[in-house]
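Same order as they appear, the protein sequences are chains A and B.
Here the working numbering is used: the first residue of the first sequence is 5, the next is one more, and so on.
Here the working numbering is used: the first residue of the second sequence is 262, the next is one more, and so on.
Contents: one structure, followed by commentary.
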Amino acid sequence: MGIIKTFDERADHIKQKSGTDPVPLACSNESLAGAVSQRACVYSGARVVLNPITDALHLVHGPIGCASYTWDIRGSSTSGPTLYKKSFSTDMKVADVIFGGEKKLAGAIRELAARYRPPAAFVYSTCIVGVIGDDLKAVCKSASYDLGIPVIPVMSEGFRGNKNEGYKAACNALFELLGTRDYVPKSPYAINLLGEYNVAGDLWNVLPLFEEMGVEVIASFTGDSRVEEIQRAHKAKLNLVQCSGSMTYLAKKMEEKYGISYRRVSFFGIGDISSALRTTAEFFEDPGMMERAEEIIARETARIAPEIERHKSRVAGKKAAIYMGGAAKAVSLVRAFGEIGMDVVIIGTQTGSRDDYKKISYIVKEGTVIIDDANPLELKELLVKQGADLLVAGVKERFLAYKLGVAFCDFNHDRTTTFEGFDGIVNFAREVDITINSPVWNLPVERVGGALMRSEVETEIGVDQTEIRTEIGTEMRREVSGVIDAGGETVV
Amino acid sequence: MQEARRLSENYATVNPCSMCMPMGSVMAFKGIEGCMPIFHGSQGCSTYMRLHLAHHFREPVDIASSALSEKGAVYGGAANLKKGLLNVIQGYSPRVIGIATTCLAETIGDDVVQIAKEFQREEPHARDVAIIPASTSSYSGSHEEGYNEALKAIVKTLAKRSRSNARFNLVIGSIISPAEVRYIKSMLEDWGCGFDYTLLPDISETFDAPLAATYLKIPEGGTPLAEINEMANSRETLTVGGSVWGGGAGDYLEKEFGVHHTVLPLPIGVEQTDRFVGKLEEITDLGLPEKYERDRGRLLDAIVDCHKLVAGVRTAVFGDTEMALGVAKLLCEMGMDPRVIATGSKNAEFVRRGEGLTPGSEVLSGVDFSEIHEAVARNDIELLIGPFTGRQISKAENIPLLRVGLPNHDRFGASRQMVLGYEGTTGLVDEIANTIVEMNERDR
């Protein structure tokens, strides 16, 4: 008996936390055909990881669409160069598919390098390149030789897996760049931040904290980074890994080759940013630094406390649903919601692993639904069934939430306020507060005394069309009870 | 400048001014009642285009995918596609499924028409579902061509010859907004021909659904299947927009079923709207309702009101072919100077028509925003009109960009934008004038 109606193959991907055992959630690399997965492709995974390198040339070898839809997609801010905000493509046409696109690719690299003089170029392969067999590596190698800059192939044919494979392709590309420039760190305490993408300027809330502790951040992978910083990042002593889904692979490779230890951290939430600072200080075993870290934590926590309390008093007890790309952000969000007194009733990710879901099932409360690779139909049913007041997700999910009368917070590429660091958590609490407590949800969704009851209007389209509705004249926010048949039958 | 054009035409595209064919197909498929689109290809295509359209319309946009993986790419994607179709039927209970192929499916050589036929033979669930295969690999053309191709595939699959009827077909040949489709429908309603025509595709509700007590998996609205079946028997077809392309749904109906076909540009501005209205008078044998005559007068009034303010303002218009030409034509009527007229699709007719509008304009087809930027710089442009993708030029040159057309990710109300007909044009005229007022105030 499932929690909601869904496809047979999907039943094991949706479980409810019950008791103390970990939830055995199914997860797989292939999405179910026809189920409208929220996942993207290998290329997408690679692109979102590498794109924030601000001064690199990012060239997509493929038809125009792949470049059109990812142009400046990341929401990643820059303190200087803007080359990464341009969209470069070989715009492959029929002739390129028939006769091969290598010549066009080589020409494109040459021309763009001459025009923009980038310190390095990333060349992404797309589905079609994998099928017609262009030798991306050879073209890049020869271009690199001719131009005297690293031209790095990113092997990201869309169909060869999901975003996780793309992360790996991106990490391999970064690894190729790493260690190609010598550097003597200014501080004996030099670190890198892995999986920090500077969305909306997040990084700039975090950097001053490390600076105050006497820690030098050589490179941020990859938010607001420069090619040169990536090249010398091997001189760090420690890697702090935030988005573990995208960057653990790189951290392990760096540990193996350069002996750089890594720690998993998060800069989001009061608890998590505090432990990130403590973890760093403890790693360097420097009592002075530990003291400074504690000072910063105490001072900053006290500084933001009144604001946090104010928002907390307005959102405490509300129910949150989380649907994220990766598990690290989802886990961090559970803790952050705890800090503002909210309960998590749904938590899901696009690309979580079995271990991720095990971890998640330990930190969520009894009754929370955990879901892997959700689709809009499942999200819709779960939001109503679990009585969520708020969904935290990305743009694709935003308008579904709104149509259901559920408040929404963007935690993906599209947010324009910072959520990391101490100031970021205040922004987060504020955003959650203003959306949950907005008067828009109290507007009557239908006129009281309207002439025609909707349930009397026959729809011809399908059998399942009227399953979610409220009483006529009630406010927009959906009633929880008695709305949906919670029976576990599948649609088949 | 020749250097710049060579850069793009031969090798790299810098900041694209077009999208891919499957994107256009969605705009057509979503205009059919009870229709769910599915892409035959890798999962990313569907997710990216959902994201792109959700940004633009601010609506949930569901597009399924056959989610081809490495195995599918090597051994063929028939099994995935069939599985996908079955799941779409089970999950969404659609009446119609539109299959759009992506580069991957086209290149590995899947015969989607055949796979769809097999599926309908094999699968009892599929018998009552109409399945429309459209061939739309990204490398074969732009989103405009994908839209055109899907419209053709729709009538090719669904229009059936039976008894002639007295209806006429109104094909929306270019991508316009839901509000614009609503406007055309209400105009025809006022005209008194509410039930005498079939409008395809009808995205008026599907991409701009009201917030309601009931959330439907497939939004209400769209052209009913039964009406599309009958399009082969109509007395004539009028296609508005898409006049630079040819070979679309209207041409197909004429060739196969002898339904007389007329193509007109989009009704933007005085003259082009007059042509549209005149043609409708001819088709319906009814005069334009008085209300619209008065709207026409108000449009003239609006144009006269601002004519000195806008006189000679050097403007670059870009975006979809028909929209760019229509706006450029309006600018000429207003006494402005559409010095640059550009589109990302390759189309010779676009260049011919654009060059006919006003002497001395640069008319560019198949270009990217880097080339448009250079044209903007060398023509000392003061105002930009087109999709939000031109915003880097706006920022770099410090000139305003009036957002018109798809995509528009950074302003609200894209689904409610209205630049068609006398009324819509009037709104656009006011917006152009006010943008120039703000520009002048800022410079002062």
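Each residue gets a CB set at the ideal place from its N, CA and C atoms; glycine is no exception.
Nothing here was measured: the structure is a model prediction, and the numbers come from that model.
Straight-line gap, residue i to residue j (C-alpha atoms, nearest Å)
{"i": "Asp25 (chain A)", "j": "Phe11 (chain A)", "result": "25 Å"}
{"i": "Asp512 (chain B)", "j": "Asn409 (chain B)", "result": "11 Å"}
{"i": "Ile472 (chain A)", "j": "Tyr266 (chain A)", "result": "Because the pLDDT at Ile472 (chain A) is just 48, under 50, the model does not fix this residue reliably, and the point stays unresolved."}
{"i": "Glu259 (chain A)", "j": "His238 (chain A)", "result": "10 Å"}
{"i": "Leu461 (chain B)", "j": "Glu542 (chain B)", "result": "20 Å"}
{"i": "Cys364 (chain B)", "j": "Lys167 (chain A)", "result": "19 Å"}
{"i": "Ala332 (chain A)", "j": "Asp138 (chain A)", "result": "36 Å"}
{"i": "Ile308 (chain A)", "j": "Leu644 (chain B)", "result": "45 Å"}
{"i": "Val275 (chain B)", "j": "Ser631 (chain B)", "result": "6 Å"}
{"i": "Asn490 (chain B)", "j": "Lys446 (chain B)", "result": "20 Å"}
{"i": "Gly428 (chain A)", "j": "Val396 (chain A)", "result": "15 Å"}
{"i": "Val612 (chain B)", "j": "Val349 (chain A)", "result": "57 Å"}
{"i": "Gly69 (chain A)", "j": "Ser160 (chain A)", "result": "15 Å"}
{"i": "Val501 (chain B)", "j": "Phe518 (chain B)", "result": "20 Å"}
{"i": "Ser93 (chain A)", "j": "Ser403 (chain B)", "result": "14 Å"}
{"i": "Val619 (chain B)", "j": "Leu477 (chain B)", "result": "For the sequence presented, residue 619 (chain B) should be read as Thr rather than Val. Cα to Cα, Thr619 (chain B) sits roughly 48 Å from Leu477 (chain B)."}
{"i": "Glu294 (chain B)", "j": "Pro480 (chain B)", "result": "8 Å"}
{"i": "Pro599 (chain B)", "j": "Ala71 (chain A)", "result": "29 Å"}
{"i": "Ile301 (chain A)", "j": "Arg311 (chain B)", "result": "42 Å"}
{"i": "Phe214 (chain A)", "j": "Tyr187 (chain A)", "result": "20 Å"}
Contacting residues, own chain, Cβ-Cβ under 6 Å from residue i (five flanking each side not counted)
{"i": "Asn416 (chain A)", "result": "Gly398"}
{"i": "Glu169 (chain A)", "result": "Val46"}
{"i": "Ala30 (chain A)", "result": "Asp16 and His17"}
{"i": "Phe288 (chain A)", "result": "Tyr193"}
{"i": "Leu431 (chain B)", "result": "Tyr458, Leu460 and Leu499"}
{"i": "Arg51 (chain A)", "result": "Thr74"}
{"i": "Ala174 (chain A)", "result": "Ala50, Val53 and Leu54"}
{"i": "Val143 (chain A)", "result": "Glu106, Leu109 and Ala110"}
{"i": "Gly527 (chain A)", "result": "Outside the displayed span of chain A (5 to 496) sits residue 527 (chain A), for which this structure offers no information."}
9 Å Cβ cut-off: residues of chain B touching residue i
{"i": "Leu63 (chain A)", "result": "Ala273"}
Proximal residues of chain B, C-beta to C-beta of residue i below 7 Å
{"i": "Pro67 (chain A)", "result": "Cys281, Cys364, Ser399 and Tyr400"}
Own chain partners of residue i with C-beta closer than 8 Å, once the 5 adjacent residues on each side are dropped
{"i": "Ile234 (chain A)", "result": "Ile57, Leu178, Leu181, Leu182, Ala223, Phe225 and Thr226"}
{"i": "Ala273 (chain B)", "result": "none"}
{"i": "Glu311 (chain A)", "result": "Val430, Ala433 and Arg434"}
{"i": "Tyr444 (chain B)", "result": "Met679, Leu681, Gly682, Glu684 and Gly685"}
Cross-chain neighbours of residue i in chain A, by beta carbon under 9 Å
{"i": "Glu331 (chain B)", "result": "Gly134, Glu161, Phe163, Arg164 and Gly165"}
{"i": "Met284 (chain B)", "result": "Gly69, Ser72 and Tyr73"}
Chain A residues whose Cβ lies nearer than 7 Å to that of residue i
{"i": "Ile299 (chain B)", "result": "Gly38"}
{"i": "Arg311 (chain B)", "result": "Lys400"}
{"i": "Arg319 (chain B)", "result": "Phe403"}
{"i": "His316 (chain B)", "result": "Val399"}
Nearest-angstrom Cβ-Cβ length linking residue i and residue j, presumed shorter than 8 Å
{"i": "Ala411 (chain A)", "j": "Asp393 (chain A)", "result": "6 Å"}
{"i": "Tyr262 (chain A)", "j": "Lys172 (chain A)", "result": "That pair is no contact at about 19 Å."}
{"i": "Tyr47 (chain A)", "j": "Thr130 (chain A)", "result": "5 Å"}
{"i": "Ala603 (chain B)", "j": "Cys278 (chain B)", "result": "7 Å"}
{"i": "Thr284 (chain A)", "j": "Leu242 (chain A)", "result": "7 Å"}
{"i": "His317 (chain B)", "j": "Ala675 (chain B)", "result": "5 Å"}
Sequence-distant residues of the same chain with beta carbon closer than 7 Å to residue i, five excluded per side
{"i": "Asp704 (chain B)", "result": "none"}
{"i": "Ile544 (chain B)", "result": "Phe429, Glu497 and Leu499"}
{"i": "Ser423 (chain B)", "result": "Asn494"}
{"i": "Ile350 (chain B)", "result": "His386, Ala387 and Val390"}
{"i": "Asn27 (chain A)", "result": "Residue 27 (chain A) is actually Val in this sequence, not Asn. Contacts found: Lys19, Lys21, Tyr361, Ser365 and Ile374."}
{"i": "Ala340 (chain A)", "result": "Phe272, Gly273, Ile429 and Phe432"}
{"i": "Leu211 (chain A)", "result": "Val221"}
Partner residues on chain A for residue i, Cβ-Cβ distance less than 8 Å
{"i": "Asp323 (chain B)", "result": "Val40 and Pro380"}
Under 8 Å by beta carbon: chain B residues contacting residue i
{"i": "Val210 (chain A)", "result": "None at all; the shortest Cβ gap to chain B is about 27 Å."}
Touching by the beta-carbon criterion (3+ pairs, under 8 Å), the region 28-44 of chain A and the region 92-112 of chain A: Touching, no.
At least three beta-carbon pairs within less than 8 Å, the region 518-530 of chain B to the region 450-459 of chain B: Contact between the region 518-530 of chain B and the region 450-459 of chain B is not established, with fewer than three Cβ pairs separated by less than 8 Å.
Contact the region 678-694 of chain B vs the region 326-335 of chain B: 3+ CB pairs below 8 Å: With fewer than three CB-CB distances shorter than 8 Å, the region 678-694 of chain B does not count as touching the region 326-335 of chain B.
The region 275-294 of chain B contacting the region 405-424 of chain B, beta-carbon criterion three pairs below 8 Å: Touching, yes.
At least 3 beta-carbon pairs within less than 8 Å: the region 606-616 of chain B vs the region 635-652 of chain B: No: fewer than three Cβ pairs fall under 8 Å.
contact_flag[the region 190-207 of chain A, the region 417-424 of chain A] where n(CB pairs < 8 Å) is 3 or more: Yes, the region 190-207 of chain A touches the region 417-424 of chain A.
Three or more C-beta pairs below 8 Å linking the region 525-541 of chain B and the region 665-674 of chain B: Flag = no, the region 525-541 of chain B and the region 665-674 of chain B do not touch.
Stretch pair the region 365-373 of chain B + the region 396-406 of chain B: three plus CB contacts closer than 8 Å: Using a Cβ-Cβ distance cut-off of 8 Å, the region 365-373 of chain B and the region 396-406 of chain B are in contact, since at least three pairs of beta carbons, one from each stretch, lie closer than that value.
Segment contact flag, the region 77-94 of chain A with the region 59-66 of chain A, C-beta cutoff 8 Å, min 3 pairs: In the pairwise beta carbon analysis, the region 77-94 of chain A is classified as touching the region 59-66 of chain A: at least three pairs are separated by under 8 Å.
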